[in-house]
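> 1 is the number of the first residue of the sequence shown in the numbering used here; add one for each residue after it.
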Amino acid sequence: MLIIIPLGLISTSGTSIFYAQKNLMYDVYERKGVLTMKFRLQASSDASPLLNLLLGSDSISSSIPFRAALAGQEIDLKASVRLNCKDSYASATAETQGLQFDWQALQLSDQAVWEFKLTAKNKSSAPISISRLDSAALALQGEVWRVESFASAWGDEFRPKTVTTQHDSFFGVRSGRSSHGESPIVYFVRESDGYTVVVSPAWSGNWHIDVLAGAHISAGISTWNLNVLLAPDETLEAPSVIVAAAQSKELAQRNLQAAIRDNWLPRTKLTDAIPIEWNHWWPYEDAEVTQDVIIENATLAQHMAIDAIVVDAGWFGESKLDTNWTDLRGDWASVNLARFPDGLEKLGAAILEKGMSPGIWIELEAVGAKSELRKTNPGAMARDDSGLRPDPSYRVGTVSLDQSDPGFLGYVCLGSPEGWSHTYNSVKNVVSAMQARWLKMDFNIDPGFGCTRTDHGHGAGDGLLRHYEGLYKLLDQIRADFPQLLIEACSSGGLRVDLGLAKHVHCFFLSDPDYTEHHLQVLWGSAHMLPPLAILHWPWSWWRNDYGPSQLDWMNVEVETFDVIMRAAMFHRLGVSYPLPKLPARLSQRLGYHLQIFRDHIAPVLPTANLVSLTDSPLRGNRGERHSAWQLTANLNSEDEVHLVMSLKLDSSAPSAEFRPTQLDENRHYVVIDLETKNTSTALGKLLNADLLSGLAGGKNSWIVEIRPEGAKR
Numbered sequence: 001m002l003i004i005i006p007l008g009l010i011s012t013s014g015t016s017i018f019y020a021q022k023n024l025m026y027d028v029y030e031r032k033g034v035l036t037m038k039f040r041l042q043a044s045s046d047a048s049p050l051l052n053l054l055l056g057s058d059s060i061s062s063s064i065p066f067r068a069a070l071a072g073q074e075i076d077l078k079a080s081v082r083l084n085c086k087d088s089y090a091s092a093t094a095e096t097q098g099l100q101f102d103w104q105a106l107q108l109s110d111q112a113v114w115e116f117k118l119t120a121k122n123k124s125s126a127p128i129s130i131s132r133l134d135s136a137a138l139a140l141q142g143e144v145w146r147v148e149s150f151a152s153a154w155g156d157e158f159r160p161k162t163v164t165t166q167h168d169s170f171f172g173v174r175s176g177r178s179s180h181g182e183s184p185i186v187y188f189v190r191e192s193d194g195y196t197v198v199v200s201p202a203w204s205g206n207w208h209i210d211v212l213a214g215a216h217i218s219a220g221i222s223t224w225n226l227n228v229l230l231a232p233d234e235t236l237e238a239p240s241v242i243v244a245a246a247q248s249k250e251l252a253q254r255n256l257q258a259a260i261r262d263n264w265l266p267r268t269k270l271t272d273a274i275p276i277e278w279n280h281w282w283p284y285e286d287a288e289v290t291q292d293v294i295i296e297n298a299t300l301a302q303h304m305a306i307d308a309i310v311v312d313a314g315w316f317g318e319s320k321l322d323t324n325w326t327d328l329r330g331d332w333a334s335v336n337l338a339r340f341p342d343g344l345e346k347l348g349a350a351i352l353e354k355g356m357s358p359g360i361w362i363e364l365e366a367v368g369a370k371s372e373l374r375k376t377n378p379g380a381m382a383r384d385d386s387g388l389r390p391d392p393s394y395r396v397g398t399v400s401l402d403q404s405d406p407g408f409l410g411y412v413c414l415g416s417p418e419g420w421s422h423t424y425n426s427v428k429n430v431v432s433a434m435q436a437r438w439l440k441m442d443f444n445i446d447p448g449f450g451c452t453r454t455d456h457g458h459g460a461g462d463g464l465l466r467h468y469e470g471l472y473k474l475l476d477q478i479r480a481d482f483p484q485l486l487i488e489a490c491s492s493g494g495l496r497v498d499l500g501l502a503k504h505v506h507c508f509f510l511s512d513p514d515y516t517e518h519h520l521q522v523l524w525g526s527a528h529m530l531p532p533l534a535i536l537h538w539p540w541s542w543w544r545n546d547y548g549p550s551q552l553d554w555m556n557v558e559v560e561t562f563d564v565i566m567r568a569a570m571f572h573r574l575g576v577s578y579p580l581p582k583l584p585a586r587l588s589q590r591l592g593y594h595l596q597i598f599r600d601h602i603a604p605v606l607p608t609a610n611l612v613s614l615t616d617s618p619l620r621g622n623r624g625e626r627h628s629a630w631q632l633t634a635n636l637n638s639e640d641e642v643h644l645v646m647s648l649k650l651d652s653s654a655p656s657a658e659f660r661p662t663q664l665d666e667n668r669h670y671v672v673i674d675l676e677t678k679n680t681s682t683a684l685g686k687l688l689n690a691d692l693l694s695g696l697a698g699g700k701n702s703w704i705v706e707i708r709p710e711g712a713k714r
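(1) First and last residue of the alpha helix (DSSP H) that includes W524?
(2) In terms of alpha-carbon separation, which member of P417, S426, V427 lies closest to H467?
(3) At a threshold of 6 Å, does D342 count as lining the ligand COA (C-beta to nearest heavy atom)?
(4) Helix, strand or coil, according to DSSP, for S653 in the structure here?
(5) Roughly how many angstroms lie between the CA atoms of S702 and V576, to the nearest whole one?
(6) Would you tell me roughly how many angstroms separate the C-alpha atoms of A47 and A136, rounded to the nearest one?
(7) Let me check understanding here. Comparing Cα to Cα, which of G72, C85, A71, T93 lies closest to A79?
(8) Use the C-beta contact count for F158: other C-beta atoms within 10 angstroms, 16 or more gives buried, fewer gives exposed.
(9) Suppose you measure from the CA of Q435 to the CA of G194; what does that come to, to the nearest Å?
(10) Helix, strand or coil for R374, going by three-state DSSP, please let me know.
(11) Under 7 Å, do N122 and P239 count as touching if we go by C-beta distance?
(12) Which value, in whole angstroms, describes the spacing of the CA atoms of W540 and D498?
(13) Nearest CA to the CA of S178: which residue from T165, N206, A153, S169?
(14) Run through DSSP, which three-state label would Y187 get?
(15) Taking only three categories from DSSP, how would you classify M434?
(16) Excluding the 5 residues preceding and the 5 following I597 in the sequence, name in chain order all residues of the same chain whose CB lies nearer than 7 Å to its CB.
(17) So if DSSP puts W145 in a beta bridge, which residue, or which two residues, is it bridged to?
(18) So, does the segment 207 to 220 touch the segment 522 to 538, judging by three or more C-beta pairs under 8 Å?
(19) Thinking just about the alpha-carbon of each residue, which of R82, S357, K473 is nearest to the one in I294?
(20) Kindly indicate the opening and closing residues of the alpha helix (DSSP H) around E666.
(21) Suppose contacts are defined by Cβ-Cβ distances below 7 Å. Is R67 in contact with D134 by that definition?
(22) I'd like the list of long-range same chain contacts for N689, defined as Cβ closer than 6 Å, with 5 residues on each side in sequence excluded.
(23) Could you check the C-alpha separation between L352 and L587 for me, to the nearest Å?
(24) Determine the DSSP secondary structure at S702, reduced to helix, strand or coil.
(25) For P283, does the count of other Cβ atoms within 10 angstroms reach 16, so buried, or fall short, so exposed?
(26) Which term fits P65, buried or exposed, when burial requires 16 or more other beta carbons within 10 angstroms of its beta carbon?
(27) What's the call for K375, buried or exposed, on a 16-neighbour Cβ count within 10 Å?
(28) State buried or exposed for H643, treating a residue as buried only when at least 16 other CB atoms are found within 10 Å of its CB.
(29) So, at 6 Å on beta carbons, what are the nonlocal neighbours of G699 in its own chain, with the 5 sequence-adjacent residues on each side left out?
(30) Please report how far the alpha carbon of A69 lies from the alpha carbon of F171, in whole angstroms.
(31) Counting C-beta neighbours from all protein chains within 10 Å, is the total for G493 16 or more, i.e. buried, or is it exposed?
(32) In whole angstroms, what separates the C-alpha of T162 from that of K428?
(33) So L106 and K117 are supposed to be a Cβ contact under 8 Å. How far apart are they, rounded?
(34) Using alpha carbons as the reference points, say which of A202, A273, E182 lies closest to Y394.
(35) Look at the alpha carbon of L83 and the alpha carbon of L138, and state the distance between them as a whole number of angstroms.
(36) Can the beta-carbon of L485 be found less than 7 Å from the beta-carbon of L439?
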């Protein structure tokens, strides 16, 4: 919250004070002796019906809050839009050219984080073609704003980019996956004072954020090849856009994390328990995995703090040892009995008997080129026979398509009733057979602008839109059917990470590669959008393939190096992908130690924690910050307040970074405990810095300390 100085008292009531100044209205109330301010959306005093996004006396946006176009022609809304603003809510309506538009801004928390929503209803007697429906339009005030975003590709997720509002800039994807090309999050930081506005389209398909010189922003579903033919009386709900604002970038990031954590993510008691997974993929892939391999690893895992055994790709399809998982996707009703002779039922039961939860991988949307599904259910296949080329702005990552049939898109169209029913039943049957408590949902396909068939219940220009609407509906139904199920979203690693999907799954897998400097870079980027509760990644895995950056001589890895590897992935949801029978004894013992530390000290705070980096980001290729520091903070200003600070030297010879914990009261005493040595110290908040904490931890290359206010609960 922002502390303010009163500007003109109107009336008081108890500890609540109401202020008014020109067009701005806000509440100031006393909380533990500190005056804090609520943020509001407010109508401007101009003659035209504009929207102001307010923080204190500073109006940072003023524009008609949405945009629309019919058949490529922009609609002029100035004459028809009507705006209504209340404390933490704003709405606008407009009727023109046969359409009724309804726009809302819903505050997601007690901070300045909103969901901008937009619907269009056809009030005419004829179909109307909609080609743009942007749920957010803003015009930032002030001088120059720095625009920070992230490019994204396989193994290259969250690559930082920076421009300014002095020039036009255009962000978005046309791959059909929200994070293949760029990540759907853009930060606008005013250069004069650091004031920050965050814009994030909550959509898993193609999206755009257009920034015209002077900081005029429009955001929503991509207009590329979008054409929604709206029937009379039909209503279209556009993808939402999340908007946050704060006095600083760090505060905007923390506020966004908290709003998504507390008021957006689906959560259950089981998912909030933060189970630790073991997954077979990188050491075994689909080449060496068998029923015996899973059971052997599960037998060892039951003596560690591992809660779930997740069977990745390789369990399905034709009963042969030499099948390729990409070819047979979609054949979920067939278990590969050459690898799993007792089937999913007995495998799941065997894992349960060892006291752990079964989990299973499924690429529920995908269809392999050689699958039986493609032959037996052609009516469910997504196709594009338009002949239009995919957009060249991204590197196509789709695997295992059919070069002899370019119209085959490699996935089931969830916009079709037949495709939706098949996919829903497939997932339901697999989860039931395995008695799964963990579902890893993958998607390795680039749909482009999606299915163009007109016999699926959608039009040629809205197939991708209807597919993702169907996916969200399917995931909601699966969660209702299996309330004890944790759903993890994966897409070639991290190529479909967005706030749209975040409303329907419990967490996101950040990237296929997980070597430490790469992991820390993608963590740094993803924390700009997601709370640690929604982030899952593995510490550097034991890779069986020859991907260069992830190669490591595991038999000769030193314990101190392994400590850095493990700790780097412990400030969010945690899983591991190691061949437990092959791990050297020193690493196996250390793995058990770190997993127990995670279970005892970190997992309990994640449901209420925010995550910030205390240093600049490490970057791939031995670049960026080589001494990385991070902080988890939970339950601030309560008797359960706790801070966890992690320090990681990627190179033992790297110079030490200067950092200090954040969100501490400078004049309050804190008790600091190193989680390994148990060394303890008490100091004022203003005295806690990198040197003091490192000394407490013995100056090691990696450490985690716990910081609590003196006298707080433990």
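Where is the CB? At the ideal position from N, CA and C, for every residue including glycine.
By the coordinates alone:
(1) Looking at the DSSP string, the run of the alpha helix (DSSP H) that includes W524 is 516 to 526.
(2) H467 has its Cα closest to that of P417, out of P417, S426, V427.
(3) Among the components of this structure there are no ligands whatsoever, and the ligand COA is therefore not found.
(4) Of the three classes helix, strand and coil, the one that applies to S653 here is coil, per DSSP.
(5) Spanning the alpha carbons of S702 and V576 requires a straight line of approximately 19 Å.
(6) Interpretation of A47 is limited by its pLDDT of 42, a score under 50 that renders its predicted location unreliable; the figure taken from the coordinates is listed afterwards. So the two alpha carbons sit approximately 21 Å from each other.
(7) When only C-alpha atoms are compared, the closest one is T93.
(8) Burial call: buried.
(9) Taking the straight line joining both Cα atoms gives about 50 Å.
(10) Helix at R374.
(11) The answer is no: Cβ separation not under 7 Å.
(12) Answer to the nearest angstrom: the Cα atoms are 24 Å apart.
(13) Per the C-alpha coordinates, the member of T165, N206, A153, S169 positioned closest to S178 is N206.
(14) Secondary structure at Y187: strand, using DSSP grouped into helix, strand and coil.
(15) In this structure, M434 counts as helix in the three-state DSSP scheme.
(16) Hits under 7 Å: L675.
(17) W145 is bridged by DSSP to R190.
(18) Taking 8 Å as the limit for Cβ pairs, the verdict is that the segment 522 to 538 does not touch the segment 207 to 220.
(19) Closest option to I294, Cα to Cα, is S357.
(20) Secondary structure note for E666: it is in no alpha helix (DSSP H), with a DSSP letter that is neither H nor E.
(21) Less than 7 Å separates the beta-carbon of R67 from that of D134.
(22) R660, listed in sequence order.
(23) The alpha-carbon atoms of L352 and L587 are separated by roughly 26 Å.
(24) Strand at S702.
(25) In this structure P283 is buried. Its beta-carbon is surrounded by 16 or more other beta-carbon atoms within 10 angstroms.
(26) By the 10 Å Cβ count, P65 comes out buried.
(27) By the 10 Å Cβ count, K375 comes out exposed.
(28) That one is buried.
(29) Counting only Cβ-Cβ distances below 6 Å, and skipping sequence neighbours, we find nothing.
(30) Between A69 and F171, the C-alpha separation is close to 19 Å.
(31) Counting every other CB atom within 10 Å of its CB across the protein chains shown gives G493 a total of 16 or more, marking it as buried.
(32) So the two alpha carbons sit approximately 44 Å from each other.
(33) So it is a contact: roughly 7 Å between Cβ atoms.
(34) Checked all of A202, A273, E182; the closest Cα to Y394 is E182.
(35) Taken atom to atom, the span from the alpha-carbon of L83 to that of L138 is near 15 Å.
(36) It is a contact, given that the beta carbons lie within the stated cut-off.
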